[in-house]
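J.: The sequence shown begins at 26 in the working numbering and counts up by one.
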Amino acid sequence: MFLHQQVTNKYGFIVLLCSLVALLLLPSYWQGQHKQVVMALLLLVVMLSFLSLVARKRVEIILGTLLSLPVLYLNLHNLFAGGTQVSVLVYFLNVLFYLFIVFELLRHIISQKFVDFNLIAAIIVYLIIGLLWAFIYLILETQTPGAILGEHNTGVENMLSTLLYFSYVTMTTLGYGDISPHTELAGKWVVLEAIIGQFYIAILVARLVSLYGMKVPD
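1. Taking 8 Å as the threshold (C-beta atoms), are L76 and G89 in contact?
2. Going by beta carbon distance, what residues of the same chain come within less than 8 Å of V79, once the five residues before and after it are set aside?
3. Does the stretch 190-202 come within contact of the stretch 151-164, defined as at least 3 CB pairs closer than 8 Å?
4. According to the Cβ coordinates, are L144 and L41 closer than 8 Å?
5. Would you decide whether E176 is buried or exposed? Buried here means 16 or more other CB atoms lie within 10 Å of its CB.
6. Under a three-way DSSP split, which group does V70 fall into?
7. Tell me which same chain residues have a C-beta within less than 6 Å of the C-beta of P52, skipping the five on either side of it?
8. Could you say which of S136, Y98 and Q168 lies nearest to N119 if we only look at CA atoms?
9. Quick check on the burial criterion: 16 or more other C-beta atoms within 10 angstroms. Buried or exposed for L217?
10. Could you check if A146 is buried or exposed, using at least 16 other CB atoms within 10 Å of its CB as the buried criterion?
11. Can you give me the Cβ contacts of L163 inside the same chain, cut-off strictly under 7 Å, excluding the 5 residues immediately before and after it?
12. Given a cut-off of 8 Å, decide if S74 and S44 are closer than it, judged by their beta-carbon atoms.
13. Please classify T244: does DSSP put it in a helix, a strand, or coil?
14. Considering only the beta carbon of each residue, do I204 and I173 sit closer than 8 Å?
15. Nearest to V46 by alpha carbon, out of L131, K138, T167 and L152?
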């Protein structure tokens, strides 16, 4: 039973990781409404992949479903109806859902007694943090147009893709400088993401190194 669950989790983590990488790369091959549809579908795959990982845990699946259903509904409504009134609510619920993912995966990683496929989970958490912050930037950009994108604001269909790029550039402290915050509040969120990104790598690497070499149970 343990081996079966281990294999199932491993494939679930791989699917979730692949969907996050696809979310970062694939939308760039489309434009306009098609890009929005591709991103919406990939976000759906991310959501379903995570729910499959917690399907055996009653409390987690209930909480995950309660968070994911309104996110799914409002994402689709925002995509096909083009409603501007629900935009901030959509982004806020996405932030809550991805916070829940980060919490659950970090809890899984910390509870492990050996290095196994939790290394994949650690990579996923890093990518999810970048996605989560992209939605935070969307909230800031919706509330104060130009707060992040400035003259790079080329339309709603490109906002998430552009802010996702900006989020990972910030978290890795690459600092290309092509996009930068234009308000004090946006600047504070950018600094916080950069700090969290660096601390995450330092702490998680130390945790995984401490577990390295411990025997995986048969």
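All C-beta atoms, glycine included, are put in the ideal place defined by N, C-alpha and C. The model shown is predicted, which means the values in this text are computed figures rather than measured ones.
T.: With the given structure in hand:
1. Counting from one through the sequence shown, the residue named residue 89 turns up at place 64. Counting from one through the sequence shown, the residue named residue 76 turns up at place 51. Yes; because the gap between Cβ atoms is below 8 Å, this pair is in contact.
2. Locating residue 79 in the sequence shown gives position 54, counting from the first residue. Hits under 8 Å: E85, I86, G89 and E129.
3. yes
4. Start at 1 with the first residue of the sequence shown, and residue 144 comes out as number 119. Start at 1 with the first residue of the sequence shown, and residue 41 comes out as number 16. No; because the gap between Cβ atoms is not below 8 Å, this pair is not in contact.
5. For the purposes of this step, residue 176 is taken as residue 151 along the sequence shown, with counting starting at 1. It is exposed - the Cβ of E176 has fewer than 16 other Cβ atoms within 10 Å.
6. Here residue 70 refers to the residue found at position 45 when the sequence shown is read from its first residue. Note: V70 maps to helix in three-state DSSP.
7. Indexing the sequence shown from 1 puts residue 52 at position 27. The answer, listed in chain order, is K60, V63, M64 and S186.
8. Here residue 119 is taken as the residue at index 94 of the sequence shown, counted from 1. Comparing Cα positions, the closest option is Y98.
9. Taking the first residue of the sequence shown as 1, we reach residue 217 at position 192. Exposed, since its Cβ has fewer than 16 Cβ neighbours within 10 Å.
10. The sequence position of residue 146 within the sequence shown is 121, counting from 1. Result: buried.
11. Mapped onto the sequence shown, residue 163 falls at position 138. Annotation for L163: Y116, M184, L185 and L188 place their beta carbon closer than 7 Å to its own, counting only its chain and skipping 5 residues before and after.
12. Along the sequence shown, read from residue 1 onward, the residue named residue 44 stands at position 19. Along the sequence shown, read from residue 1 onward, the residue named residue 74 stands at position 49. In this structure, S74 lies closer than 8 Å to S44 by Cβ.
13. Here the chain has residues from 26 to 243 only, and residue 244 is not among them.
14. The sequence position of residue 204 within the sequence shown is 179, counting from 1. The sequence position of residue 173 within the sequence shown is 148, counting from 1. Their beta carbons are under 8 Å apart, which means I204 touches I173 by this criterion.
15. Indexing the sequence shown from 1 puts residue 46 at position 21. Selected option, being the one with the closest Cα: L152.
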